[in-house]
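4 protein chains.
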Amino acid sequence: MNETVKHKHRESNEYTDLINRLSRIEGQVRGVKKMVEEERYCVDILTQVSAIQSALNSFNKVLLTSHIKSCVTEDIKQGNEAAVDELCATLQKLMK
Amino acid sequence: MNETVKHKHRESNEYTDLINRLSRIEGQVRGVKKMVEEERYCVDILTQVSAIQSALNSFNKVLLTSHIKSCVTEDIKQGNEAAVDELCATLQKLMK
Amino acid sequence: MNETVKHKHRESNEYTDLINRLSRIEGQVRGVKKMVEEERYCVDILTQVSAIQSALNSFNKVLLTSHIKSCVTEDIKQGNEAAVDELCATLQKLMK
Amino acid sequence: MNETVKHKHRESNEYTDLINRLSRIEGQVRGVKKMVEEERYCVDILTQVSAIQSALNSFNKVLLTSHIKSCVTEDIKQGNEAAVDELCATLQKLMK
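In structure tokens form, the structure reads like this:
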């Protein structure tokens with residue numbers, strides 16, 4: 001059942017960086033929920049949500065860079081050109 | 001100390017919609033964290049993060065529309081033009 | 001036939017600023033076309049196109065700010081709430 | 001003096017596609033300038049500028065895909081890892 005799920009092992013420092021970023025983002029989302037609960041002013045909430053979007057964008061940049069430098073580069077060296085098509089398809093989505 | 005914090009009361013259905021959106025987004029962020037913990041493939045994680053960004057963008061559109069239709073419109077009618085400057089400054093940030 | 005086309009008079013300095021921005025952008029697009037004709041390297045072209053996108057974004061910010069400060073504010077004061085709906089619909093498109 | 005300018009030869013159909021896209025975009029920018037000259041309504045101008053931004057984004061997607069499939073893939077195969085760093089740096093800018 002799990003055979004179609006692809007995996008990738010990440011080094012300890014990369015793993016920790018990604019998890020820390022996501023924990024901070026999770027905290028930021030909970031913070032915005034608290035702002036709504038406390039009936040905070042719209043503009044202050046909009047500003048916080050923008051900060052979360054920036055944090056997610058940074059997360060994606062870090063992950064994409066790592067993906068290209070490891071997975072894609074390795075696949076190309078081994079003659080697996082499908083990795084290139086997949087990367088291009090992914091970028092189309094990220095650049096929407 | 002709290003006197004500079006602005007507030008805005010939201011109707012029950014708007015409040016519930018905003019909270020529900022944020023709860024879903026919080027769940028999505030936790031889902032991405034689990035993907036990293038399970039060493040899932042980069043492209044699958046990037047795709048999920050894009051979905052969160054879309055959800056946050058939708059949240060901001062909903063909140064901004066509500067802000068303009070209530071706060072800004074009311075302030076302009078009452079001659080409070082500062083609301084217009086504040087809206088324009090907010091949009092500058094959202095359109096970065 | 002022309003009666004459905006809406007117009008807005010702009011002050012001389014705003015008009016000149018908008019036209020100057022568009023002339024510069026037009027020059028930038030022609031510059032990119034020349035780069036393609038001269039078989040310039042992809043990355044250098046991508047960078048120039050990004051600069052054009054920033055310039056167009058700045059143009060839209062300037063025009064949107066002016067629109068809100070004049071048209072929208074005036075319409076709201078005169079009880080024309082349709083301007084608010086139109087602004088919100090426009091922002092939905094700009095925040096896509 | 002010209003020795004630091006990098007070049008890339010593009011096939012005839014790719015070249016024609018890129019030039020056609022840029023000619024259309026140039027025409028769109030001139031169209032917006034004409035709208036400003038004719039004192040057209042802000043919202044109509046904003047909508048046209050959004051269309052230009054979409055067209056530029058499509059142009060960049062096409063060029064980036066071609067860049068990855070030719071330049072980057074070739075460089076990696078030849079052991080030139082600098083192409084990977086350059087691609088990642090370019091994507092950081094495009095994902096701002």
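Chains as they are written, first to last, in the UniProt record's numbering: chain A, 1 to 96; chain B, 1 to 96; chain C, 1 to 96; chain D, 1 to 96.
Backbone N, C-alpha and C define an ideal beta-carbon position, used for all residues, glycine too.
Am I right that residue 98(C) and Leu46(D) are in contact with their C-beta atoms under 8 Å? What's the rounded C-beta distance? Not covered by the structure: residue 98(C). The range shown for chain C is 1 to 96.
Contacts around Arg10(A), its chain only, beta-carbon distance under 6 Å, and the 5 residues preceding and following it disregarded: Same-chain partners within the cutoff: there are none.
Comparing C-alpha positions only, which one of Thr73(A), Leu22(A), Cys88(A) sits nearest to Lys33(B)? Of the listed residues, the one whose Cα sits closest to Lys33(B) is Leu22(A).
Chain-ordered chain D contacts of Lys69(C) [CB-CB under 7 Å]: The premise fails here: Lys69(C) is roughly 11 Å from chain D at the closest Cβ pair, so nothing lies under 7 Å.
Please report the residue range of the alpha helix (DSSP H) in which Asn80(D) lies. First-last for Asn80(D): undefined, no H or E at that position.
Taking Val84(D) as the query, report the chain A residues whose CB atoms sit under 7 Å from its CB, ordered along the chain. In chain order: Ile68, Lys69, Thr73.
Counting Cβ pairs, one atom from each stretch, are 3 or more of them under 8 Å apart for the stretch 35-44 of chain A and the stretch 53-69 of chain B? Contact holds: three or more Cβ-Cβ distances are below 8 Å.
With distance defined between alpha-carbon atoms, name the residue in Met95(C), Asp85(C), Thr4(C) nearest to Ala51(D). The shortest CA-to-CA distance from Ala51(D) to any of Met95(C), Asp85(C), Thr4(C) is the one to Met95(C).
Residue ranges of each alpha helix (DSSP H) run of no fewer than 4 residues wholly in the stretch 7-46 of chain B, ordered along the chain? The stretch 7-46 of chain B contains these whole alpha helix (DSSP H) runs: 12-37.
List the residues of chain D that Asp17(C) touches, going by C-beta distances under 8 Å, in chain order. Within 8 Å Cβ-Cβ: nothing; Asp17(C) doesn't reach chain D, min ~10 Å.
To the nearest angstrom, how far is the alpha carbon of Lys77(D) from that of Ser58(A)? The C-alpha of Lys77(D) lies about 29 Å from the C-alpha of Ser58(A).
Taking C-beta pairs closer than 8 Å, name the residues in chain A that Thr65(D) reaches, listed in chain order. Those are Cys88, Leu91, Gln92, listed as they occur along chain A.
When the distance is taken between beta carbons, is His67(C) closer than 8 Å to Thr84(D)? As written in the sequence, residue 84(D) is Val, which differs from the Thr given in the question. Against a cut-off of 8 Å, the Cβ pair of His67(C) and Val84(D) comes out as no contact.
Three-state class that DSSP yields for Lys61(B) in the structure shown: It is helical.
With a threshold of 8 Å between beta carbons, is Ser58(A) in contact with chain B? With a threshold of 8 Å between beta carbons, Ser58(A) makes no contact with chain B.
Using a Cβ-Cβ distance cut-off of 8 Å, determine whether Ser12(A) contacts chain B. No, no contact with chain B.
Could you check whether His7(C) and Arg30(D) sit closer than 8 Å to each other, using their CB atoms as the reference points? No, these two residues do not count as a Cβ contact at 8 Å.
Quick check on Val72(A): does DSSP put it in helix, strand or coil? Val72(A) carries a helical assignment under DSSP once its states are collapsed to helix, strand and coil.
Where Ser70(C) and Gln48(A) are concerned, what is the direct C-alpha to C-alpha distance, given to the nearest angstrom? In this structure, the alpha-carbon of Ser70(C) lies about 28 Å from that of Gln48(A).
Name the residues in the stretch 24-41 of chain A whose C-beta lies less than 8 Å from a C-beta of chain D; which are they? So nothing in the stretch comes that close.
Between Ile56(D) and Gln28(C), is the Cβ-Cβ spacing less than 8 Å? Residue identity differs from the one stated: residue 56(D) is Leu in this sequence, not Ile. One thing to note: Leu56(D) has its Cβ no nearer than 8 Å to the Cβ of Gln28(C).
Beta-carbon of Ile76(C) versus every beta-carbon of chain B: anything under 8 Å? Yes, its Cβ sits closer than 8 Å to a Cβ of chain B.
Integer Cβ distance of Leu87(B) from Val72(B), believed to fall under 8 Å: With a Cβ gap of about 5 Å, Leu87(B) and Val72(B) count as contacting.
Residues that Lys61(A) contacts on chain D, provided the C-beta gap is smaller than 9 Å: Simply Cys88, Leu91, Gln92, Met95.
DSSP three-state assignment for Val84(D), whether helix, strand or coil: Val84(D) carries a helical assignment under DSSP once its states are collapsed to helix, strand and coil.
Under the rule that 16 or more other beta-carbon atoms within 10 Å means buried, what is Met1(D), buried or exposed? Only weak support exists for where Met1(D) lies, its pLDDT of 48 falling under 50; the value from the coordinates is given anyway. It is exposed - the Cβ of Met1(D) has fewer than 16 other Cβ atoms within 10 Å.
Compute the beta-carbon to beta-carbon distance between Glu26(D) and Glu26(C), rounded to the nearest angstrom, for a pair I have assumed lies under 8 Å. Under the criterion of beta carbons closer than 8 Å, Glu26(D) and Glu26(C) qualify as touching, at roughly 6 Å.
Listed by chain order, chain B residues near Gln48(A) by CB distance under 7 Å: Result: empty, since nearest Cβ-Cβ is about 10 Å, beyond 7 Å.
Kindly indicate which three-state DSSP category Val49(A) falls into: helix, strand or coil? Three-state result, Val49(A): helix.
Separation of Ala82(C) from Gly79(A), as counted between CA atoms: Using only the alpha carbons, I get a separation of about 59 Å.
Just the Cα atoms here: how many angstroms apart are Arg24(A) and Asp17(A)? Going from the Cα of Arg24(A) to the Cα of Asp17(A) covers about 11 Å.
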